[in-house]
Every structure is written in structure tokens, then in C-alpha cells.
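Here the structure comes first, spelled out in C-alpha cells, and everything after it is commentary.
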Amino acid sequence: MSGSRTETRLIETPEFRLAIIAVAIFALMAGLSPERFLSPQNLTSMAFQFPEFAILALAMTITMMTGGIDLSVVGVSNLSAVVAATILASLAGPEVAGAQAGLWLGFAVVASLAVGAAAGLFNGILVSRLGLPPILATLGSGLVYTGLAVAMTGGSAIMGFPEIVAVIGNSRIAFVPVPLVIFALLALGLHILLTRTGFGLRVTMYGANPMAALFAAVDIDRILLRVYVIAGMFSSVAGLIVMSRANSAKADYGSSYLLLAVLIAVLGGVNPYGGYGRVVGVVLAVLSMQFLSSGLNMLQVSNFARELIWGLLLLFVMVINVTNWAGLRLRRAPPRTGTQGEKA
Amino acid sequence: MDVSDPGAPGPLVDMTGVTKRYGGVTALEDVDFRVTPGEAVCLAGENGSGKSTLIKILSGVERPTEGEIRIGGQMMTGLDPRRAAAAGVMVIFQDFSLFPNLTVAENIALARDLTAHRRFFDRRAARATARAVLDRIGVDIPLNARLESLPVAHKQLVAICRALACDARLIIMDEPTTALTEREVRRLLGIIRLLKDDGVAVVFVSHKLAEVLEVSEKVVVLRNGRKVAEGPADRFDAASLTRHMTGRDVPEAAPGPYRGDGETLMAVDRLHKDGAFTDVSFALRRGEVLGITGLLGSGRTSLAKALFGLVRPDAGTITVDGRTVPLGDPIGAAEARIGYVPEDRLTEGLFLAQSILRNVAIGRLDVHERRGFVDRRGLENEAQDWLTKLKVKASSIAAPVQSLSGGNQQRVVLARWLARAPQVLILNGPSVGVDVGSKSEIHDIIRDLGTRGLGVIVISDDLPELIATCHRILVMKDGRMVDEIEAGTVTEDELSHRLAS
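Chains X and R, in that order, are what the protein sequence lines are.
If you count the first sequence from 1, position 342 lands on 342 in this note's numbering, and the numbers rise without skipping.
Just so we're on the same page, this note's numbering is the position in the second sequence counted from 1, plus 344.
What follows is the structure in C-alpha cells.
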């Protein structure tokens with residue numbers, strides 16, 4: 001089921017271009033300040049930093065594959081982190097240790113994943129059964145989730161977890177940071193889901209032409225529900241990592257991650273109109289963004305300037321891509337379109 | 345170039361050597377096309393012959409791959425719809441492209457205001473403009489009527505008036521008579537004569553032109569993207585037009601009498617949807633090919649969609665093999681083993697940028713899934729099998745489906761459904777946009793499905809197609825079944841007569 005891949009040479013794929021970009025940015029930053037950029041401290045700190053927004057980008061990717069978007073990812077991730085944090089701080093408390101702490105952590109993780117799934121299900125119902133445009137549905141629901149988190153916390157951070165919580169965000173398995181391991185597993189899982197399973201193929205086909213999917217008797221509602229549930233659960237995993245790294249949870253953490261997640265998905269070659277996207281591309285885009293971000297940090301570019309750069313980059317990539325997508329969409333238009341009349 | 349005597353009027357439109365390719369598909373090849381002022385030209389050709397492409401190029405919607413276009417003697421490079429309109433070339437599409445929520449006067453005057461870059465809309469001036477053009481063609485339609493409240497024939501007149509209000513020098517009419525009754529056609533022809541006397545040129549684009557031959561000077565016939573005949577209209581008649589369009593002397597063989605066991609396969613009972621169709625009942629027998637036809641707006645397309653759950657009827661029942669099919673649920677319909685090949689292949693039938701394999705496989709994923717994972721080998725074998733059976737010509741099943749010709753694309757959609765072994769297959773416009781050769785092969789496939797015991801419903805306005813494939817033809821008018829015709833008892837002319845009466 002490799003689609004048209006056999007027809008295009010590797011060198012022509014968007015993923016190949018991305019690999020070159022990632023290497024180029026890495027080389028540029030390494031060249032500008034080799035002793036700092038290539039230092040072990042910088043490299044490990046990068047590996048700890050990017051998984052949280054990279055996982056949000058994966059959540060964005062699967063919704064974008066259907067031609068939708070999930071603007072509630074940060075809301076979901078904070079809400080599920082707040083739920084986990086409440087369990088860990090209020091029910092368990094900082095004193096518990098040993099096996100008991102492990103059980104509490106497990107419970108908190110399950111609870112936060114359940115919150116992510118429920119939030120995703122709600123998004124999915126809005127988009128599929130009720131037919132709302134995903135961009136508005138998730139913009140609204142994202143505010144609801146953030147609002148719930150504010151209501152639960154009163155707006156302040158929740159702190160005081162058992163020590164074991166740090167395992168998720170700050171420890172390593174054989175030198176590899178745990179967040180990176182989690183990200184790698186999720187990326188691999190999503191890749192397999194999209195390329196090997198019937199569900200993944202249906203997601204791609206639905207994104208390529210929702211109307212034709214309907215006419216081919218594909219169960220569209222079920223697909224959209226599952227897509228948004230997966231996006232919600234990925235978001236809660238990102239929330240857990242943020243919570244562990246910050247050793248706290250708050251309703252408004254990581255607000256800049258939303259734009260970043262959209263940017264990475266688009267930069268990674270995911271077609272915002274649906275129907276095309278590869279996890280490899282998204283991973284390469286994540287690396288590019290992290291190299292760029294660390295580099296800008298070293299060059300002491302302010303955070304505000306960085307957001308401006310992200311925004312410009314997003315628009316730039318879309319403009320580059322739009323030429324291709326527009327071609328696809330034109331051919332997708334019905335043969336007897338009557339737009340002529342308005343212009344005549 | 346042209347070296348005719350200087351007294352004769354120069355051509356209004358002069359297209360030379362026009363070629364248009366879409367990827368690997370050549371839609372139009374080296375076509376010359378000329379229209380002089382006040383002339384009426386029939387541009388004839390079957391679906392997929394390239395006539396729509398030619399019109400799109402002339403009106404600036406599409407750019408030619410090769411060739412030159414002159415309008416009023418002026419070379420038009422990079423022609424776009426705005427410039428074509430400014431040069432007086434107006435197209436009236438089959439759906440008229442009017443604004444249903446605006447009044448007659450607004451519809452007529454708005455386009456001119458827009459092309460003239462007026463910033464404000466003057467209601468009084470609009471009424472005056474509308475009144476003037478309506479008078480010019482001698483028609484009386486209430487200026488304040490909302491467009492959607494008008495009958496089809498009046499909408500068409502409004503579209504003509506809009507073109508005239510924009511100082512049209514050439515009006516191109518796409519299938520102008522398909523939705524009209526015979527009386528309305530006569531009135532239209534009268535108006536066309538008036539326009540010609542005024543020096544306005546008209547191009548009729550159609551696959552049934554017998555009706556407009558009498559007001560035309562010239563006929564141009566396209567087949568498979570090439571110009572195959574051109575000459576004065578009085579040298580053509582319906583038979584010779586058909587011959588040029590199809591490239592065949594004899595019409596296709598009819599399917600022969602129904603030979604099934606007569607057992608009812610699908611029963612539709614008093615199916616009703618407000619504003620679309622009323623109390624429709626019919627039965628489809630095993631092994632029968634049943635045609636459903638009617639003019640544009642007769643409800644045939646809504647009915648077709650309702651049979652596959654894409655439109656939810658308000659009342660009525662559908663049963664297949666005695667079991668009730670859920671209404672308004674395509675998945676339920678597919679589970680009842682009903683298949684549906686849509687009319688608009690490009691938007692409803694195909695996933696254009698996806699591979700041929702995937703376009704077939706999407707219908708069979710549930711069978712070739714093992715714990716969620718796709719059995720690629722199984723899917724590929726099955727898809728390849730069906731593509732071979734249906735003689736799809738493709739370089740590889742991994743190639744995008746949009747690289748195929750219209751006929752092969754249609755076979756891909758057919759393969760998707762046939763792989764599911766349906767009991768009932770509904771084909772809506774099975775040969776729209778398909779070249780002549782593929783068309784008769786698709787008809788062969790349809791007849792063959794009947795002999796293999798499927799129930800087939802062909803919904804079409806292509807009368808020769810219905811005659812060539814169906815055992816029985818049902819005629820719809822204003823949402824009702826009004827006529828039932830046994831195959832072999834009618835000619836195309838008689839059928840067309842019963843449709844429009």
C-alpha cells in the first residue's frame with residue numbers, strides 16, 4: 001500500500017528536503033557557536049526539551065491528516081496534567097514513597113489519559129456527529145478545557161508531588177532521556193497506525209476526499225471520533241511530561257506550544273487540507289525547530305522575537321506549499337463549476 | 345492567415361491549433377474553431393469529446409497547452425475569464441450560475457456592475473437595465489421575483505439577459521435544451537433568431553443537437569478531443585450527427601429481452617422526499633437492468649442518492665431480498681449489498697491523488713484486515729484481479745488514479761464496488777466524461793452484470809445509453825414516476841418525445 005511512492009524518487013519527497021533543512025540548521029548553529037551548541041549539556045537539554053511539544057505536533061498531525069485541526073491540544077494537556085497533579089498532590093502528597101508512590105503515579109497517569117480521551121471524544125463528537133468546522137470546534141473546546149483547569153486550581157500552580165513523579169520528565173533509560181523514549185514510541189506507533197492499519201488508510205483516504213469517502217460507504221463518524229480521541233490522549237501524555245519536568249501543573253502552561261505544534265506539522269509536510277502526512281517528516285521538522293530554537297537562545301534572541309519568527313516561518317512554509325496544494329485542489333474541483341457566471 | 349475578401353466580416357472568434365493536456369490525458373488536440381458575428385454554431389460531441397474543454401479555453405477558465413486564440417481580431421494570450429467577458433464572450437452553464445436568493449433585476453444587472461467596477465448598486469438603474477434587455481428579447485418576467493421561485497426555462501432567459509446586459513457578442517450555451525419542454529425550446533429558438541439578427545453570435549454545446557440545427561449556420565463535431573467534422577448545418581441531420589459523434593454507423597445493440605427468473609430483488613415502496621420526489625414505487629428483478637431517466641430537475645438524482653442512503657427520504661421503504669434497508673445510511677445500504685457509482689466521478693467517486701490500488705481497496709478494507717492491520721498482499725491481488733477483469737489500462741496500480749483516462753477511472757470505481765459482490769448496483773450517469781470507445785465497453789460491462797444475476801439501476805439522461813443497456817426504462821417528471829417503457833419498443837426520438845411532453 002505504498003501509494004504513489006514507487007512513482008516518486010526519494011530525492012523528490014518533501015521528507016528529503018526536510019532532512020536537508022534539519023542538517024543545514026544543525027550545521028549552521030554548530031558553525032556559529034560550536035563549543036556551546038555541540039556541548040553535551042546542550043545536546044541533552046535539547047533532548048529533554050522537545051518531546052513535550054513534539055508529541056503535541058503528533059496529535060496535530062493526525063487531525064490534520066483528515067483535513068481538520070485540533071486547537072485544543074494545549075488545553076487538553078493542561079487539564080489532564082491538573083487532574084494528575086491533583087491526585088498526586090492532594091490525594092497522595094509529597095511524603096508517600098516506594099511502591100505506594102508508584103501506584104499513585106500509575107493511577108494519576110491513567111486518570112490523565114482518561115481525561116485526554118474524554119476531551120478528544122468530545123471534540124470528535126463536535127466535528128463528526130454535529131459537523132462543526134474543526135478549527136472552531138476545537139478553539140471553543142480548548143477554552144472550555146483551560147477554563148475547567150482554572151476552575152480546579154483557582155489559577156495557581158499545583159505543587160508537592162511524590163519524588164517518583166520526576167521519573168517521567170527528568171530521568172534516563174541507559175543515557176536516553178525518558179521523554180525522548182516516550183516520544184519515539186509514540187512516533188513509531190503513529191507511523192505504524194497510519195501506514196499499516198486499515199484505520200490509517202481510511203484516515204488518509206477520508207482526508208484526501210471526504211465526499212468520496214462518504215460515497216464509498218466509509219464509516220466517517222467512527223474514524224473522526226477515533227482520530228480526535230487519539231489526539232486527546234497524545235496531548236495528555238505531553239501534559240504529563242510537562243508536569244513532571246516543571247514539578248507542577250498549571251492551567252496556562254505551554255501556551256506557545258499550540259502555534260509551534262501547528263507549525264511543525266505543516267513544516268513536516270502534512271497537508272493541512274488532509275490526505276497526506278508522514279511521521280518521518282514531522283520528526284524531522286521537530287528536530288529542525290529544536291535546533292533553531294536552541295540556536296536562537298544561544299544568540300540571545302528574546303522569546304517575543306522567537307514567536308514572531310515562528311509565525312513568519314509558518315506563513316512562509318504554507319506559501320511555499322500552497323502552490324502544490326492549489327494544483328491538487330483545482331483538479332479536485334468538479335468539471336462543471338459555475339464560477340464563471342459571477343465573473344461574466 | 346485568413347485572406348478572404350475584405351468586405352466579409354472578420355471572425356469574432358478564431359482559435360487555431362488548440363491543444364489541451366491534463367497530465368497524460370489529451371482532452372483536446374489541434375482543434376481550429378471559428379465563429380463569425382451573428383452566426384450560430386453547433387458544437388457537437390458526446391460526453392468526454394472535449395467540447396467542454398474547448399469552451400473552458402475560449403472563456404478563459406482553462407489555458408490551452410498549445411494554440412492561439414483571437415477574439416475580434418485581437419490575439420489573446422493568457423486569457424482569463426475577466427478578459428474573455430470584457431471581450432464579449434459569455435458562457436451560460438447548464439446550472440446557469442445565477443444567484444437564487446436575488447431578484448430577476450439584480451441577477452441581470454449585477455454582473456455588469458461588477459465588470460464595470462461600480463462600487464454601489466443602484467436599484468433603479470438595475471431595474472431599467474433589466475427591463476431594457478427583457479424587452480430586447482421580447483420576454484416578460486416580473487423584475488422583483490426571486491430567482492429561485494422561477495421555473496427552469498425562465499432562469500435560462502434571465503441568464504441570457506444577464507449576458508446581454510454585459511454587451512455579449514458571443515453567447516455560449518451549454519446543453520441549453522436538456523431541461524426544457526418542447527414548447528420552451530421553440531421559444532428559446534425564437535429568441536436566438538432575434539439575437540442573431542442583432543449580430544450576436546451563439547454557440548450551442550450539446551450532445552443532442554437535432555433541435556437547434558434549424559437555427560444554426562454551422563456544425564462542428566468533436567470526438568475524443570479531435571475535430572472530426574465541420575460544415576454548413578443544412579448538410580447534417582440527427583443521423584449523420586450521431587454517426588460523426590460516435591464514429592459508428594449502427595447504434596449499439598440493445599440488451600435483448602429480460603431472461604432472469606423474474607424474482608423481485610429490490611422493492612421500493614412509496615418513497616417520498618419533500619421537494620425532491622413523490623411516492624416513488626418500483627421493483628427491480630434479479631438480473632434486470634432498469635433505467636431511470638427524466639429531465640434535469642425531475643428528481644432522478646435525488647432518488648438515486650436516496651436509494652443508497654445519501655439522501656434521507658421522509659417516508660417509504662426499500663427492501664433488498666425481502667429485508668428492509670435502513671434509510672439515509674450509506675453504510676447500511678452497503679451492508680444490504682447495494683453499490684453506488686456516483687455521477688460526479690471526480691468529486692464523489694475518486695480519491696484523485698491516491699493510487700489506483702487504494703481507490704479500489706477502500707471498499708474492501710474490512711475484509712482484508714487482520715486485527716486492524718492491512719493484508720497488503722490480499723488487497724493487491726484482489727484489486728489487480730478486478731482491474732484485469734474490467735480491462736483497466738494503467739502503467740501500475742501504484743500510479744495515482746488521476747493519471748488515468750475518464751473511461752479507466754470509471755472502471756476503477758466499478759471495480760471498487762464489484763469487488764464487494766453487490767446484489768444491486770446503482771450507476772448514476774455511468775458514462776459521463778468517458779470517451780466513445782470506453783463508453784461502449786462500459787455498456788458491455790453493464791449488460792454482462794445483468795446476465796450474471798445482479799440487479800442494475802442505470803440513472804442517465806443519455807437516451808442511447810439507456811436504450812443500449814436497459815430492459816426497462818422508468819421516466820420521472822416533477823419528482824414522480826410518470827411512464828414505464830419496455831426495452832425494444834421505442835426509438836431514441838420517441839423516448840425523447842415522451843420525456844419532454
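No residue lacks a Cβ here, since even glycine has one placed at the ideal position from N, Cα and C.
Start and end residues, beta strand (DSSP E) containing T473 of chain R: No beta strand (DSSP E) contains T473 of chain R, which is instead part of the alpha helix (DSSP H) from R467 to R480.
Supposed close pair A449 of chain R, A476 of chain R - CB separation, criterion 8 Å: Here A449 of chain R is actually not in contact with A476 of chain R; their C-beta atoms are around 11 Å apart, not less than 8 Å.
Member of R:D518, R:A512, R:S646 and R:L532 whose CA lies at the smallest distance from the CA of L501 of chain R: The shortest Cα separation from L501 of chain R among R:D518, R:A512, R:S646 and R:L532 belongs to R:L532.
8 Å Cβ cutoff, G716 of chain R in contact with chain X: It does: the Cβ of G716 of chain R has a partner Cβ on chain X nearer than 8 Å.
Anticipated Cβ contact below 8 Å, V362 of chain R with G411 of chain R, distance rounded: V362 of chain R to G411 of chain R, Cβ: 3 Å. Contact.
Interface flag, E713 of chain R vs chain X, CB-CB below 8 Å: Yes - at least one Cβ of chain X is within 8 Å of the one on E713 of chain R.
Contact list for E692 of chain R against chain X, beta-carbon separation under 7 Å: By Cβ distance, chain X contributes M211, A212 and F215.
According to DSSP, residues forming a beta bridge with V369 of chain R: Beta-bridge pairing links V369 of chain R to R:Y366.
Proximal residues, the stretch 198-210 of chain X versus chain R, C-beta separation under 7 Å: Here the close residues are G198, F199, L201, R202, M205, A208 and N209.
Beta-carbon spacing of A84 of chain X, A111 of chain X below 8 Å: Here A84 of chain X is near A111 of chain X, since their CB atoms are less than 8 Å apart.
CB of I790 of chain R within 8 Å of CB of L771 of chain R, strictly: In terms of Cβ geometry, I790 of chain R and L771 of chain R form a close pair [threshold 8 Å].
Residues near T337 of chain X by beta carbon distance below 6 Å, same chain, minus five either side: For T337 of chain X, the predicted model reports a pLDDT of 30, less than 50, meaning its position is unreliable and no value from the coordinates is stated.
Within chain R, the residues that R226 of chain X reaches when beta carbons sit closer than 8 Å: Under the 8 Å cutoff, chain R gives no residues; its nearest Cβ is about 11 Å from R226 of chain X.
Neighbour flag for G847 of chain R against chain X, beta carbons, 8 Å: The structure shown has nothing for residue 847 of chain R, since chain R only spans 345 to 845.
Own chain, CB closer than 7 Å to I168 of chain X, minus 5 neighbours either side, in chain order: Excluding residues within five positions, the ones whose Cβ falls inside 7 Å are V178, L240, I241 and S244.
Contact check, I803 of chain R vs I636 of chain R, beta carbons under 8 Å: Yes, the pair counts as a contact, with Cβ atoms nearer than the cut-off.
Nearest-angstrom beta carbon gap, L628 of chain R and D665 of chain R [assumed within contact, 8 Å]: Separation of the CB atoms of D665 of chain R and L628 of chain R is rounded to 11 Å, and the pair is thereby denied contact status at 8 Å.
Beta-carbon proximity list for D837 of chain R, same chain, < 7 Å, skipping 5 on both sides: Contacts found: none.
DSSP three-state assignment for R278 of chain X, whether helix, strand or coil: Per DSSP, reduced to three states, the secondary structure at R278 of chain X is coil, with no helix or strand assignment.
Where R603 of chain R sits in the DSSP three-state scheme: It is coil, neither helix nor strand.
Closer than 8 Å at the beta carbon, the chain R residues around D219 of chain X: Contacts between D219 of chain X and chain R, judged by CB atoms closer than 8 Å, involve I675 in chain order.
Residue from X:A246, X:A101, X:G102 and X:I223 with nearest C-alpha to T197 of chain X: Looking at the Cα atoms, X:I223 is the closest of the given residues.
CB of S560 of chain R within 8 Å of CB of A577 of chain R, strictly: Using a Cβ distance threshold of 8 Å, S560 of chain R and A577 of chain R count as a contacting pair.
Own chain partners of F122 of chain X with C-beta closer than 7 Å, once the 5 adjacent residues on each side are dropped: Cβ neighbours of F122 of chain X beyond the five flanking positions: S141.
Residue-level contact to chain X via CB, A678 of chain R, 8 Å cutoff: A678 of chain R counts as touching chain X.
Cβ-based burial, M205 of chain X [other Cβ within 10 Å; buried from 16]: Under this definition M205 of chain X is a buried residue.
Chain R within 8 Å of G274 of chain X, Cβ atoms only: False, the Cβ-Cβ gap to chain R never drops below 8 Å.
DSSP-derived helix/strand/coil call for L748 of chain R: L748 of chain R: coil per DSSP, three-state reduction.
Straight-line Cα distance separating L487 of chain R from A65 of chain X: For the sequence presented, residue 65 of chain X should be read as Met rather than Ala. Straight across, the Cα-Cα distance linking M65 of chain X with L487 of chain R is about 48 Å.
V756 of chain R vs V745 of chain R beta-carbon contact at 8 Å: Yes. Within cutoff.
Chain X within 8 Å of D374 of chain R, Cβ atoms only: Not closer than 8 Å to any Cβ of chain X, the Cβ of D374 of chain R fails to qualify, so no.
Contacts that R196 of chain X makes with chain R (C-beta to C-beta distance below 7 Å): Within 7 Å Cβ-Cβ: F717 and V718.
T13 of chain X versus F183 of chain X: straight-line alpha-carbon distance, rounded: Using only the alpha carbons, I get a separation of about 24 Å.
Identified DSSP bridge partners for C386 of chain R: R:F548 and R:V563.
Exposure label - G3 of chain X; buried when at least 16 CB within 10 Å: Its pLDDT being 40, under 50, G3 of chain X is placed unreliably by the model, and the measurement read from it follows with that caveat. The residue in question, G3 of chain X, is buried, as its Cβ has 16 or more Cβ neighbours within 10 Å.
Nearest neighbour of Q49 of chain X, chosen from X:A101, X:N297 and X:V262 [CA to CA]: The shortest C-alpha separation from Q49 of chain X is found at X:N297.
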